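Residue numbers (the working numbering): -3 to 536.
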């Protein structure tokens, strides 16, 4: 640990490592990667609950799944914990062979029983991301029958309906399918009272795993302090090649100017949330490298349909003509995003790239008049208190006002705004969605699927969070997931997206181009469409 003392960390970071703050040095240690970014969206570290941008990245580098996506091509599924698999003739069963000799960070052996326990646990806990697996027909009553381990190195995953095997494999590559150390988790399980909704007398280690680690990935999670720091260390029991960097520190730094100063001083290695102006300045300096990759993340404005004014179709349409997309792209997201008005990101099968909406105040006023709201109305907009979100919210506030819609901005950290939207307590809110796996159903199943708009449902999709009741579109969405004819399936997604654009309470704003700036000595910080990998990072 003494090498850590050679550079300055914020007090929060220093306290995590048991150190005191010291004077600034020229560079971070050669065996440590220090990343500055906004990590205030972290709610939990439990794979059965993780659904946020930061924690999805952390999970990619600390946990493993049966299968994963190829870092160089997210359309390809490759083995991870599994070494091979076979699909039955009827398409309802996939049998996986698990690699032998694998261990968790704890030293416990990784077997098929751990895989099965993890999938059972995710379904039985039934937290937000559980629908990624439950959409295959799994539930707390049948999961033990459909997901089994005949021996220590065989996993049988069955569905009651036939789905395209690629769709199922993509679902099993998602974060909620991460494999946890069943022995370690059960050591921390707490007895609970059975209920009709939760007919189990255990919390499956949930309280403990929210803040602790039980994985087998390249790195192990050592510490998380909310809104301060996340510390990862090399997993010496990892079965694959060991990373060159021994530890990785994610520091919570929201402001672009603070990240810029820390990077220039050598206190961090990578700055992740820089504004366009700061990126442009670093581009002029040969001591730094600009890293960039188009991502699957889409940014949007959502309107809660529980709010009477927002539930009117004409109002939903008017909002889409009250956004200055060009101004946002040319200033607020220059170099870090591009206007995109559909829920499937470019690069994913079935995506469309038309842009039917532009700022048109007169058209919006007519639509509001048709809704009986020619004098406008007042509404609140929740926004995470980071850029470019604040700037986009202010732009929306200004352009909405031109049609008489008075928007009050409510700023909060990522945890606060996310929790509020999940509880359907927002009016307007700016949101971010990143694919859970690289198949169109991952986004369709959250934006265009809400078959039951009731309060007590298992699949609390983004459409559900906005109280958008769409039984017919939900059926079309599931039909597309089951379609095995590739060309027909693509056309089905095109239609769903067109209907979504015209009728939904979502104003799709842009697709992210993630841009970071790294010190020149940092190599192989891999940013790709569906994830960011630190596993191959080295420092000269």
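In this text, a Cβ means the ideal position worked out from N, Cα and C, and glycines have one as well.
Just so you know, these numbers come straight off a predicted model, no measurement behind them.
Worksheet item: Below 8 Å, can you find three or more Cβ-Cβ pairs linking the region 460 to 467 to the region 91 to 100?
Response: The region 460 to 467 vs the region 91 to 100: no contact.
Practice prompt. Measure the C-alpha to C-alpha separation of residue 560 and residue 260 and round it to an integer number of angstroms.
Written response: A query on residue 560 cannot be resolved here, the shown segment of the chain reaching from -3 to 536 and no further.
Worksheet item: Just checking my contact of residue 58 with residue 228 at CB under 8 Å: how many whole Å lie between their CB atoms?
Response: Taking the Cβ atoms as the reference, residue 58 lies roughly 6 Å from residue 228, within the contact range of under 8 Å.
Worksheet entry | Segments assigned beta strand (DSSP E), at least 3 residues, entirely inside the region 384 to 431 | You should have 401 to 408 and 424 to 429.
Worksheet item: Of all the beta strand (DSSP E) runs that stay within the bounds of the region 242 to 321, which reach a length of 3 or more residues?
Response: Note on the region 242 to 321: whole beta strand (DSSP E) runs with a minimum of 3 residues are 243 to 248 and 284 to 299, in chain order.
Worksheet entry | Sequence-distant residues of its chain with Cβ nearer than 8 Å to residue 524 (five each side left out) | When the five nearest sequence neighbours on each side are left out, the beta carbons in the same chain lying within less than 8 Å of the beta carbon of residue 524 are those of 67, 68, 70 and 289, in order along the chain.
Worksheet item: Does DSSP put residue 526 in a helix, in a strand, or in coil?
Response: In this structure, residue 526 counts as coil in the three-state DSSP scheme.
Fill in: Bounding residues of the beta strand (DSSP E) (the contiguous stretch that carries residue 146)
If you look at residue 146, you'll find it in the beta strand (DSSP E) that goes 143 to 147.
Item to complete: Check whether the Cβ atoms of residue 265 and residue 518 sit closer than 9 Å, and answer yes or no.
Response: The Cβ atoms of residue 265 and residue 518 lie closer than 9 Å to each other.
Fill in: Among 374, 262 and 273, the one whose alpha carbon lies nearest that of residue 305
Selection 374, 262 and 273 evaluated against residue 305 yields 374 as nearest (Cα-Cα).
Practice prompt. Report all residues from its chain with a CB closer than 7 Å to the CB of residue 37; omit the five preceding and five following residues, and keep chain order.
Written response: Within the same chain, residue 37 has close Cβ partners 48, 49, 50, 410, 411 and 414.
Worksheet item: What are the start and end residues of each continuous alpha helix (DSSP H) run of 4 or more residues lying completely inside the region 453 to 499, in chain order?
Response: Taken in chain order, the complete alpha helix (DSSP H) segments of 4 or more residues contained in the region 453 to 499 are 458 to 461, 467 to 478 and 482 to 499.
Discussion item. Rounded to whole angstroms, what is the Cα-Cα separation between residue 55 and residue 147?
Written reply: C-alpha separation (whole angstroms): 27 Å.
Discussion item. So, at 6 Å on beta carbons, what are the nonlocal neighbours of residue 447 in its own chain, with the 5 sequence-adjacent residues on each side left out?
Written reply: Non-local beta-carbon contacts of residue 447 in its own chain, meaning distances under 6 Å to residues more than five positions away in sequence, involve 467 and 470 in chain order.
Practice prompt. Give me the Cβ distance between residue 108 and residue 151, rounded to the nearest whole Å; I'm assuming they're in contact under 8 Å.
Written response: With a Cβ gap of about 5 Å, residue 108 and residue 151 count as contacting.
Worksheet entry | Segments of 4+ residues assigned as alpha helix (DSSP H) that fall wholly inside the region 158 to 205 | Runs of the alpha helix (DSSP H) spanning 4 or more residues and lying entirely within the region 158 to 205 occur at 161 to 168, 178 to 183 and 202 to 205, in chain order.
Worksheet entry | Assigned exposure category for residue 250 - 16 Cβ within 10 Å defines buried | Taking all protein chains in view, the Cβ of residue 250 is crowded by 16 or more other Cβ atoms within 10 Å, so the residue is classified as buried.
Fill in: Backbone secondary structure at residue 366 - three-state DSSP
Shown here, residue 366 sits in a helix according to DSSP, grouped into three states.
Discussion item. If contact is defined by three or more beta carbon pairs under 8 Å, each pair taking one atom from either stretch, is the region 312 to 328 in contact with the region 494 to 504?
Written reply: They touch, by the three-pair rule.
Practice prompt. For the beta strand (DSSP E) containing residue 512, list its first residue and its last residue.
Written response: Bounds of the beta strand (DSSP E) holding residue 512 are 502 to 515.
Item to complete: Quickly, what does DSSP pair residue 75 with across the bridge? List them, please.
Response: Per DSSP, 63.
Item to complete: Could you check which residue in 510, 296, 105 and 212 has the C-alpha nearest to that of residue 528?
Response: Looking at the Cα atoms, 510 is the closest of the given residues.
Practice prompt. Look at residue 454 and residue 473 and say whether their C-beta atoms are less than 9 Å apart.
Written response: Against a cut-off of 9 Å, the Cβ pair of residue 473 and residue 454 comes out as no contact.
Discussion item. Can you tell me whether residue 320 is buried or exposed? The criterion is at least 16 other CB atoms within 10 Å of its CB, across all chains shown.
Written reply: It is buried - the Cβ of residue 320 has at least 16 other Cβ atoms within 10 Å.
Worksheet item: Do you know how far the Cα of residue 60 is from the Cα of residue 162?
Response: Looking at the two C-alpha atoms, the distance is approximately 19 Å.
Discussion item. Here's the rule I'm using: 16 or more other beta-carbon atoms within 10 Å means buried, otherwise exposed. How should residue 192 be labelled?
Written reply: Residue 192 is exposed by the Cβ-count criterion.
Discussion item. Closest to residue 351 by C-alpha separation, out of 322, 83 and 384, would be which residue?
Written reply: It is 322.
Discussion item. For residue 340 and residue 440, I'd like the C-alpha separation in whole angstroms.
Written reply: Looking at the two C-alpha atoms, the distance is approximately 8 Å.
Discussion item. What would DSSP say about residue 207, mapped onto helix, strand or coil?
Written reply: Correct three-state label for residue 207: coil.
Worksheet item: Quick one, which of 83, 416 and 347 has its alpha-carbon nearest residue 497's?
Response: Among 83, 416 and 347, the Cα nearest to that of residue 497 belongs to 347.
Item to complete: Write down the C-beta distance between residue 382 and residue 223 rounded to the nearest angstrom, noting that I regard them as a contact closer than 8 Å.
Response: Actually they do not touch by this definition, with Cβ atoms about 12 Å apart.
Worksheet item: Do you know whose CA, among 132, 432, 487 and 450, lies nearest residue 45's CA?
Response: Answer by Cα proximity: 432.
Fill in: Three-state secondary structure (DSSP) of residue 20
Unreliable positioning characterises residue 20 in this predicted model, as indicated by a pLDDT of 40, which lies under 50. The coordinate reading is nonetheless provided below. Taken through DSSP and simplified to helix, strand or coil, residue 20 comes out as coil.
Item to complete: Rank 160, 75, 98 and 111 by C-alpha distance to the C-alpha of residue 88 and give the top, closest one.
Response: Per the Cα distances, 160.
Discussion item. Which of the three DSSP states is assigned to residue 219 in this structure?
Written reply: Looking at residue 219 - three-state DSSP - the assignment turns out to be strand.
Fill in: residue 493 burial status per 10 Å Cβ neighbour count (16 or more: buried)
Counting Cβ neighbours within 10 Å, residue 493 comes out buried, since at least 16 surround it.
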